[in-house]
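Q:
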Amino acid sequence: MREATNKKVIAIAKNFELQGDLVQVNRWGNGHINDTFILIYQIGKMGRIKIILQKMNKNVFPKPVELMENIMNVTDFLYKKIEDAGGDPLRETLNVIPAKNGEPYYIDEEGEYWRAYTYITDARSFDTPESASDFYESGYLFGKFQSMLSDYPAETLYETIEKFHDTRDRFARFKKAVEEDVMGRVAEVQDEIQFVLEREADACFFMELIDKKEIPIRVTHNDTKLNNIMLDNITRKGVCVVDLDTVMPGLAAYDFGDSIRSGANTAAEDEKNLKKVSCDMKLFKAYTKGFLAGCGADLTEKEIDLLPMGAKIMTFECGMRFLTDYLQGDVYFKTSRLEHNLDRARNQFKLVSDMEDKWETMQEIVAKYK
Ligand code: ADP
Ligand code: GN1
Ligand code: MG
């Protein structure tokens, strides 16, 4: 079981450099991977302070020590850049609170890894944007994040998940899952399997460009889902990019694409009524404008031209991952109902089809803001 009880969380928290009396513990956020908790401490008459405590998912991230080394190095790097630019590094980047033994993580008696972060105050994340302006701000901040890391020494980063966005390899792993059919679910999802198999060329598209060195590999976030960004509660400007587990070499078009996939969908990621699922062109436009304002100056013309392709292929890849997980027995993503991953896969495939229908509009929007 991935679940951890509050009692356990309270015991774990005692191993971190935290002060005051713990007065409240709650589960936090809608992430699909880690177990996230918010803890509130009362420090005498000084008031209350929130912190984030996370149990890292060892199934997804098999090398948590390397992962935390990446996070420490990346957040130190960002801290200095933000400070030099006159920003507030305690709010604009994640800050790790060390364990009492000095490590950036604590290992419990079951061998599970835990970490603590300062809480990003007066801000919140969204599963769907409440306005085009929210989405513009998200695009700007994710773009700026990439731009700030443009001189980060990529060779020092560990690959926290092997071949994470190697879509061609994901396609091969999908076919293997179909062949193995460990849950006996293949017969009932023939249409969805067909949808994937028809798009082998899409799965190989970016990997072939990388092989031919036609597009650069950059230090990217690789999980630019809308709820991995915090917007200020009052100004609604982007404050901080969170969920840094997958910061490693990757593609600008994929970071752009994952945000479109998650934020420009007119329905929730797991909406079953596919009539509600489509790619909102007003939101696509807002994000494009924001992302290019944040990092457009760093991108090559070809990278910019490929942004719509990034959106389509990241949506396709994510759908293929959900379907693979369904076929393998829901072992990767957190699910809360029997066909949750299947519903998510169908939803993503509907979004891919809608993008295919709106292809010209997507191209025109990107060309306009280039
Ligand atoms: P997962 O890997 O499971 O997606 P995240 O690291 O994204 O986990 O955390 C889940 C949610 O918790 C985020 O979407 C965000 O809303 C919230 N969150 C994460 N870190 C912080 C933080 N330091 N301060 C405030 N909220 C946070
Ligand atoms: C996961 O961790 P979270 O919820 O931000 C996943 C992403 C998927 C996304 C789909 C490390 O993101 O790759 O696109 O779910 N993260 C990892 O909702 O696999
Ligand atoms: Mg997350």
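The sequence shown begins at 229 in the working numbering and counts up one residue at a time.
Note that beta-carbon positions come from the ideal geometry of N, C-alpha and C, so glycine has one too.
1. Could you give the DSSP three-state label for Trp256: helix, strand or coil?
2. Just to confirm the assignment: which complete beta strand (DSSP E) runs, minimum length 3, are found wholly within the region 379-459?
3. Using alpha carbons as the reference points, say which of Asp336, His449, Ile445 lies closest to Thr388.
4. Give the residues whose C-beta lies closer than 5 Å to at least one heavy atom of the ligand MG, in chain order.
5. Confirm the yes/no value for this check: CB of Phe561, any heavy atom of the ligand GN1, distance under 7 Å.
6. On a CA-only basis, which of Asn234, Phe512, Val293 is nearest Met537? Give me that one, please.
7. Should the region 572-592 be called in touch with the region 500-511, which here means at least 3 C-beta pairs below 8 Å?
8. Could you name the residues of the same chain whose beta carbon sits closer than 7 Å to that of Phe373, not counting the 5 residues immediately before and after it, in chain order?
9. Return yes when the C-beta of Asn262 is under 7 Å from any heavy atom of the ligand ADP, and no when it is not.
10. Return yes when the C-beta of Asp473 is under 7 Å from any heavy atom of the ligand COA, and no when it is not.
11. Looking at the secondary structure, which residues open and close the alpha helix (DSSP H) in which Asp585 lies?
12. Should the region 388-402 be regarded as contacting the region 314-327, the criterion being three or more beta carbon pairs within less than 8 Å?
13. Along the chain, where does the alpha helix (DSSP H) containing Val302 start, and where does it finish?
14. Run the CB neighbour count on Thr543, radius 10 Å, all protein chains shown included, and call it buried at 16 or more, exposed below.
15. Should Thr463 go down as buried or exposed, given a rule of 16 or more other Cβ atoms within 10 Å for buried?
16. Once DSSP output is grouped into helix, strand and coil, what is the label at Trp317?
17. I need the straight-line Cα distance from Val410 to Gln556, nearest angstrom please.
18. Which residue wins for smallest C-alpha separation from Asp430, given the options Glu545, Ala595, Asn298, Ile261?
19. Take the Cβ of Asp379 as the centre, count every other Cβ of all protein chains shown within 10 Å, and call the residue buried at 16 or more, exposed below.
20. Quick one, which of Val293, Ile266, Leu322 has its alpha-carbon nearest Leu250's?
21. Do you know how far the Cα of Pro477 is from the Cα of Asn298?
22. Per DSSP, Arg276 forms a beta bridge with which residues?
23. I need the boundaries of the beta strand (DSSP E) containing Asn495, first residue and last residue.
24. Less than 8 Å between the C-beta atoms of Gly518 and Gly367, yes or no?
25. Is Lys540 buried or exposed, if buried means 16 or more other CB atoms sit within 10 Å of its CB?
26. Among residues of its own chain, excluding the 5 on either side of Lys586, which ones have a beta-carbon nearer than 7 Å to its beta-carbon?
27. Exposed or buried, Arg230, counting other C-beta atoms within 10 Å across all chains shown (16 or more means buried)?
28. Given a cut-off of 8 Å on the beta-carbon distance, is the pair Arg352 and Leu425 in contact?
29. Using 7 Å as the cut-off, classify the Cβ of Trp342 as near or not near the heavy atoms of the ligand ADP, replying yes or no.
30. On the criterion of 16 or more Cβ atoms from any shown chain inside 10 Å, does Gln282 qualify as buried, or is it exposed?
31. Among the candidates Phe399, Lys236, Leu535, whose CA atom is the shortest distance from the CA of Ile482?
32. Which of helix, strand or coil does DSSP assign to Met476?
A: Reading off the structure:
1. Reduced to three states, the DSSP call for Trp256 is coil.
2. 446-448
3. His449
4. Gly259, Asn456, Asp471
5. yes
6. Phe512
7. Taking a cut-off of 8 Å on C-beta distances, the region 572-592 touches the region 500-511, as three or more cross pairs fall below it.
8. His449, Val469
9. Indeed, a heavy atom of the ligand ADP lies less than 7 Å from the Cβ.
10. As for the ligand COA, it is missing from this structure, which binds only the ligand ADP, the ligand GN1 and the ligand MG.
11. Per DSSP, Asp585 belongs to the alpha helix (DSSP H) from 568-585.
12. The region 388-402 is not in contact with the region 314-327.
13. 292-312
14. buried
15. exposed
16. Residue identity differs from the one stated: residue 317 is Pro in this sequence, not Trp. Three-state result, Pro317: helix.
17. 6 Å
18. Comparing Cα positions, the closest option is Glu545.
19. exposed
20. Ile266
21. 12 Å
22. Gln270
23. Position check: residue 495 holds Ala in this sequence, whereas Asn was assumed. First-last for Ala495: undefined, no H or E at that position.
24. yes
25. buried
26. Within the same chain, and ignoring the five residues on either side of Lys586 in sequence, the residues whose Cβ sits closer than 7 Å to its Cβ are Cys507, Met509.
27. The pLDDT assigned to Arg230 is 42, lower than 50, so where the model puts this residue is not dependable; a value taken from the coordinates is nonetheless given after this. Classification for Arg230: exposed.
28. no
29. no
30. Buried: at least 16 other Cβ atoms inside 10 Å.
31. The residue you asked about is not Ile; residue 482 is Tyr in the sequence shown. For the residues Phe399, Lys236, Leu535, the minimum Cα distance to Tyr482 belongs to Leu535.
32. strand
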